[in-house]
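Here the structure is laid out as structure tokens; the discussion comes afterwards.
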Amino acid sequence: MFRLIFQIIVIGLCSILFGFAFNTFLIPHKLTSGGVTGISFLIQHFTHINTGLIILAINIPLFFVGMKYLGKKFVLFTGYAVLVLSLSMRFIPIRAISPDILLSSIIGGALYGIAVGLIIRQGGSTGGTDIISLTLAKKRNIQVGFLNTIMNLFVVGSSGLIFGWNITLYTIIAIYVAGRAVDMVYTNQNKLTITIITDKYHELTDALFQLHARGVTMTDVEGAYTHKQRKMLTTVITKFELNETKHTIKNVDPQAFVNIMQTMEVMGRFRKN
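Residue numbers (full-length UniProt numbering): 1 to 273.
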């Protein structure tokens with residue numbers, strides 16, 4: 001219960017930080033981001049409807065799709081993040097903190113990138129392209145990174161045609177800084193390999209199966225110092241499952257040795273979600 005409350009608080013605060021970054025650093029200078037947030041800003045430019053409300057409206061139908069393919073908890077956390085984000089962008093005044101567009105693009109991109117990274121760490125996302133990309137990746141076996149790149153190129157190209165390419169170059173800076181910030185806070189890999197050395201291998205294997213139904217390889221190992229026989233478990237997960245996996249391991253065996261490695265590619269059968 002304490003962990004759930006902690007997740008709700010962190011996701012809520014980070015969603016507010018996301019809205020603050022946009023309304024005080026990016027939107028006043030006509031800077032945007034990729035994905036649904038960027039599309040919402042472009043729609044706002046022509047309709048003058050609040051950007052937060054547009055983000056919420058676009059994400060509502062996506063939640064029903066995500067609920068079917070991505071899991072109830074992930075989508076509920078994502079829906080909560082999008083709702084708080086929409087409300088924060090509705091009530092935080094759109095007012096530039098700095099008149100310097102370059103400084104605003106860097107600080108704004110860093111703030112919303114940190115916010116997104118922390119939200120992902122708590123098991124949620126900011127919706128939009130995450131839901132679209134993960135769902136299509138599962139159904140069509142298309143790389144998530146490729147889909148996000150295509151969506152970002154669409155938004156950046158549209159921004160250039162509407163606001164001029166000079167401003168769009170600053171938008172690219174904001175998107176790049178945000179991406180680096182997400183990498184710093186979380187991880188820049190979609191897949192991770194986890195190796196666990198534990199005495200409670202039966203209990204931990206069952207817990208991992210119940211968590212995300214992925215394959216687990218069990219290997220006999222021996223400690224070089226103690227010469228104690230133990231088991232090593234190896235599994236591959238997606239970055240969105242890391243936080244829940246770490247929590248499960250700590251609950252089952254707090255003394256387990258865990259090594260988390262970035263995985264560039266997986267061949268063979270691997271469940272996308």
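Every residue gets a Cβ at the ideal spot worked out from N, C-alpha and C, and that includes glycine. Fair warning: this is a prediction, and the values are worked out from it, not measured in the lab.
Val258 sits away from Val236, with the two beta carbons spaced by 9 Å or more.
Ile54 is a Cβ neighbour of Thr47, given a cutoff of 9 Å.
The segment 245-263 and the segment 191-199 touch, with no fewer than 3 CB-CB distances between them shorter than 8 Å. Between Leu31 and Thr171, the beta carbon gap of about 5 Å places them in contact (Cβ cut-off 8 Å). The Cβ-Cβ distance between Ile11 and Tyr80 falls below 9 Å. Judged by DSSP secondary structure, Leu233 falls within the beta strand (DSSP E) whose first and last residues are Gln229 to Thr238. The C-alpha of Gln122 is placed about 29 Å away from the C-alpha of Phe154. Sixteen is the threshold: since fewer than 16 other Cβ atoms of the shown chains lie within 10 Å of the Cβ of Thr217, the residue is exposed. Residue Gly127 holds the alpha-carbon nearest to the alpha-carbon of Phe64 among Gly127, Ser98, Phe22 and Asn243.
Contact annotation: Ile167 and Ser159 have beta-carbon atoms nearer than 9 Å.
Rounded to the nearest whole angstrom, the C-alpha separation of Thr51 and Val185 is 26 Å. Ranked by Cα distance from Thr263, the first of Thr78, Ala174, Leu169 and Thr195 is Thr195. Contact annotation: the segment 19-35 touches the segment 96-115, with at least three C-beta pairs closer than 8 Å. With distances taken between CA atoms, Pro99 lies nearest to Thr24 out of Thr24, Glu241 and Phe20. Proximity to Ser125 across Leu87, Gly223 and Val75 peaks at Val75, based on C-alpha coordinates.
Taking C-beta separations shorter than 6 Å and ignoring five residues to either side along the sequence, the partners of Asn152 in its chain run Gly34, following chain order. Our two residues, Ala115 and Ile132, have alpha carbons roughly 20 Å apart in a direct line. Using a 10 angstroms sphere on the CB of Lys250, the tally of other CB atoms stays under 16, which defines it as exposed. The closest CA to that of Leu17, considering only Ser88, Lys68, Phe6 and Lys72, is found on Ser88. Cα atoms of Leu169 and Gln44: separation of roughly 20 Å, rounded to the nearest angstrom. Just so you know, the alpha carbons of Ile8 and Ala224 end up roughly 43 Å apart.
A straight-line Cα-Cα distance of about 13 Å links Lys191 and Asn243.
In this structure, Leu233 and Leu204 form a Cβ contact; the two beta carbons are roughly 6 Å apart against a cut-off of 8 Å.
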